[in-house]
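K.L.:
full-length UniProt numbering applies: residue 1 is where the sequence shown begins, and numbers increase by one. Beta carbons: idealized from backbone N, C-alpha and C, even for Gly. Submitted below is the structure of interest, expressed as structure tokens.
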Amino acid sequence: MATNENLPPNVIKQLAKELKSLDESPPEGIKVGVNDDDFSTIYADIEGPAGTPYENGVFRMKLLLSHDFPHSPPKGYFLTKIFHPNIATNGEICVNTLKKDWNPSLGLRHVLIVVRCLLIEPFPESALNEQAGKMLLENYEEYARHARIYTGIHAKPKPKFKSGAISESTTALNVDQANTNVDPKNASSGAAFPVPSPLAPSTTATRGGNNQDQTAAAAAAVPPVETGGISESAATAIPAAAITQKKEVGQAKVQADKKKMDARKRSLKRL
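As structure tokens, then:
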């Protein structure tokens with residue numbers, strides 16, 4: 001489960017909304033994922049734009065959100081090796097949006113789109129990879145050849161992010177937030193509030209009430225259960241009728257035996 005101790009609650013709430021939006025309607029060529037162990041680390045797979053040396057490649061990157069985000073910009077890193085003027089050999093991304101042009105109102109969507117646009121139009125004047133920057137300015141064909149080689153070797157399609165992972169994580173994150181708002185008295189006492197079943201009879205006596213009366217009332221409130229096409233009440237009535245009939249037969253037999261005895265007594269008296 002995500003541990004978002006370094007992010008304030010209002011930032012976490014906004015972040016959850018943004019990630020859900022990115023998951024439901026991702027920008028073109030960008031797929032976002034989250035780290036379940038640290039929600040402040042955002043992953044993204046960026047497809048190489050068509051018509052560039054990065055075409056047909058899939059580049060994984062990450063954004064690291066600091067404890068004072070969004071007042072300070074996230075730090076961006078490419079995890080996939082890439083030959084690009086504005087991406088250092090250690091993967092660090094150099095783009096003005098993540099530096100002097102940062103604005104707290106800018107969202108993750110904007111940042112990811114800017115990074116993908118960087119693959120279309122590099123800025124060799126502010127190069128972190130001096131070799132790539134110099135090559136781009138002096139010999140574009142040689143630069144493009146190097147970039148295509150890196151792309152073919154390192155930017156192979158990555159395993160897709162788990163479907164629905166963001167929704168699950170944001171749901172868990174919202175649950176975490178809800179738990180932090182629980183009344184401390186209830187939390188300290190460890191009291192639980194189970195939801196009763198609508199068919200379960202009440203076992204708590206009301207004031208001036210009787211447990212047996214409540215149990216009988218609850219039993220009467222439960223509708224008869226159909227069993228093999230015969231309701232429970234009908235099934236109960238059948239054996240009761242059989243017992244009554246058996247008693248009547250027994251009584252008739254006793255009366256017949258009594259009449260026979262009386263007839264024998266009268267015969268003996270005549271003798």
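In angstroms with no decimal places, state the Cα-to-Cα distance between GLU125 and LEU137.
P.N.:
Whole-angstrom Cα-Cα distance: 9 angstroms.
K.L.:
Are the CB atoms of ILE82 and TYR143 within a distance shorter than 8 angstroms?
P.N.:
Not a contact, by the Cβ cut-off of 8 angstroms.
K.L.:
DSSP three-state label for TYR150, please.
P.N.:
TYR150 falls in the helix class under three-state DSSP.
K.L.:
Measuring CA to CA, which of ARG60, ALA147, PRO9 and ALA155 is closest to PHE69?
P.N.:
Answer by Cα proximity: PRO9.
K.L.:
Go through its chain and collect everything with a Cβ distance to GLY107's Cβ below 8 angstroms, but skip five positions before and after it.
P.N.:
So the qualifying residues of the chain are GLU18.
K.L.:
Rounded to the nearest angstrom, what separates PRO26 and LYS160 at their Cα positions?
P.N.:
Approximately 14 angstroms, taken between the alpha carbons.
K.L.:
Do you know offhand how far SER105's Cα is from ALA16's?
P.N.:
Answer to the nearest angstrom: the Cα atoms are 16 angstroms apart.
K.L.:
Of all the options ALA127, LEU119 and LYS13, which has the alpha carbon lying nearest to the alpha carbon of GLY57?
P.N.:
Per the Cα distances, LEU119.
K.L.:
Per DSSP, which residues does HIS84 bridge with? Please list them.
P.N.:
HIS84 is bridged to ILE87.
K.L.:
Out of LEU65, ALA50, VAL115 and MET135, which has the shortest C-alpha to C-alpha gap to ASN96?
P.N.:
The option with the nearest alpha carbon to ASN96 is VAL115.
K.L.:
At 4 residues or longer, and completely inside the region 99-142: list those alpha helix (DSSP H) runs for me, N to C.
P.N.:
Here the runs fully enclosed are 108-120 and 130-138.
K.L.:
Taking DSSP as the reference, what is the three-state secondary structure of GLU92?
P.N.:
Strand, per DSSP.
K.L.:
Can you tell me whether ASP45 is helix, strand or coil according to DSSP?
P.N.:
Correct three-state label for ASP45: strand.
K.L.:
Candidates LYS75, MET61 and ARG60: which alpha carbon is nearest HIS67's?
P.N.:
Residue LYS75 is the option with its Cα nearest to HIS67.
K.L.:
Since ILE30 contacts LEU112 with CB under 8 angstroms, what's their CB separation in whole angstroms?
P.N.:
At roughly 5 angstroms, the Cβ-Cβ gap stays under 8 angstroms, so ILE30 and LEU112 are in contact.
K.L.:
Who does VAL34 pair with in a DSSP beta bridge?
P.N.:
DSSP lists ILE42 as partners of VAL34.
K.L.:
Cβ of ALA132 within 8 angstroms of Cβ of PRO73?
P.N.:
Contact flag unset, no.
K.L.:
Looking only at C-alpha atoms, which of PRO53, VAL34, THR41 and ASN35 sits nearest to ALA147?
P.N.:
Measuring from the Cα of ALA147, the nearest candidate turns out to be PRO53.
K.L.:
Below 7 angstroms CB to CB, which residues in the same chain sit around GLY91 once its five sequence neighbours on both sides are set aside?
P.N.:
Cβ neighbours of GLY91 beyond the five flanking positions: TYR77, PHE78 and LEU79.
K.L.:
Let's see if you can read the secondary structure: which residues bound the alpha helix (DSSP H) around LEU15?
P.N.:
It spans 9-24 - the alpha helix (DSSP H) in which LEU15 sits, taken as one unbroken run.
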